[in-house]
Amino acid sequence: MSDHKKISEYIFEHPVVDLSSQFSSASELDSFFQNLSSSVRGVWPLDFSFHGLKTKYLSARVHPETWREEAHCTVQAEIFDQHHSAIIEQDFSFGYDGNMIIDIRSVRAANSDSYPQKMRIARRLSENNFRFLLAYDRAQKPQKPSFMKIYASSEKTKQGIQTSGGYVWANNGFDFADKRELTQTRLAFKRFLARNGITLTDKKLTLFTKPCHFSAYSCGVLFSFNKHLYRAGKAFMLQHSWHGVQKTSSKNSRERRFANVYYNEPLPTLRRLRAIRQLEKKYVSFLRQNVQKNRLSRLAHRYKLLRHFIINKARKYFGR
């Protein structure tokens, strides 16, 4: 993307669906983004050409300020290559302190046969947004840091299409939106483990402060979810929804370092192990001790799953 292009020029030079109702005028879009310098416009986050992907805009509308909400611009785009496609929707707004706020409203597959994870859309979008916000803060120097926020939903759409949910965003450098969100996740995690025969004390739960602490957790026992076996942390976060935030002030945070190692590690088998090393020593030590402690429980749990599998197969066979 050229540094000298306006945001509207970038949007309207790409294929669009319907200009009549889905798009604000070029002047409205340019007016909304008027305080963006050329260096900021040059890293427009919905430009995925650097990743070898194409963008098709589905809508771009500016919503004026009302008594209920501030002015914001909602952009929806389809990101695609030859094999897969994903639909992204996010809001752009400006805070009272001069900072920019990006609300990632939705990231989902365009159809049931296309998975955004295969294009690493969540990772690429979060990094594009973060680079865009950093450039904005360097140019505008707002009183408070800019940030992106998200509701990391692990639910499916009405059409049954899986979204990029709680587990995906937990590995992308996000923090919990507030202490209440962290407290609720701790309680839900403790109940989830208890239902599966694993006890975690409140003292140990204090080691869990970021979403990646939950997604990276392993206790030596595999959990069944959607006919697959997962580590405890992954199984939990695949089902758990939470509100997250990522501020430009968190550039060197442990959760972002975790994400950088996780996604830059070429070997999938080593991805999680090497990423965990970026987290607190107390948490890493706890994980190692916890796996050893639950070694016998793991064997018993696998036996239970195998026995359950054999019984179900036998019932289907003899019930015919």
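Our numbering puts the sequence shown at residues 756 to 1075.
Built from N, CA and C at the ideal position, the CB exists for glycine as well.
Under the three-state DSSP convention, the category L984 falls into: The three-state secondary structure of L984, taken from DSSP, is strand.
Where T1003 falls: helix, strand or coil (DSSP): helix
Residue range of the unbroken alpha helix (DSSP H) whose run includes F767: Element bounds for F767: I762 to F767.
Span of the alpha helix (DSSP H) around H968: P966 to S970
Whole-angstrom distance between F902 and F969, CA atom to CA atom: 22 Å
Contact the segment 1006–1017 vs the segment 920–934: 3+ CB pairs below 8 Å: yes
Chain-order list of residues whose beta-carbon lies under 6 Å from that of L948 (same chain, five-residue window excluded): Closer than 6 Å at Cβ, skipping near neighbours: L955.
7 Å CB neighbourhood of S763 in its chain, flanking five on each side removed: A781, L784 and D785
Rounded Cβ spacing between Q845 and I856 (contact assumed at less than 8 Å): Not really, about 10 Å apart at Cβ, beyond 8 Å.
Distance, N854 Cα to K896 Cα: So the alpha carbons of these two residues sit roughly 8 Å apart.
Sequence-distant residues of its chain with Cβ nearer than 6 Å to K1002 (five each side left out): P900 and F902
Rounded C-alpha distance that separates Q914 from L801: The predicted position of Q914 is uncertain, since its pLDDT is 49 and thus under 50; a value taken from the coordinates is nonetheless stated next. C-alpha separation (whole angstroms): 25 Å.
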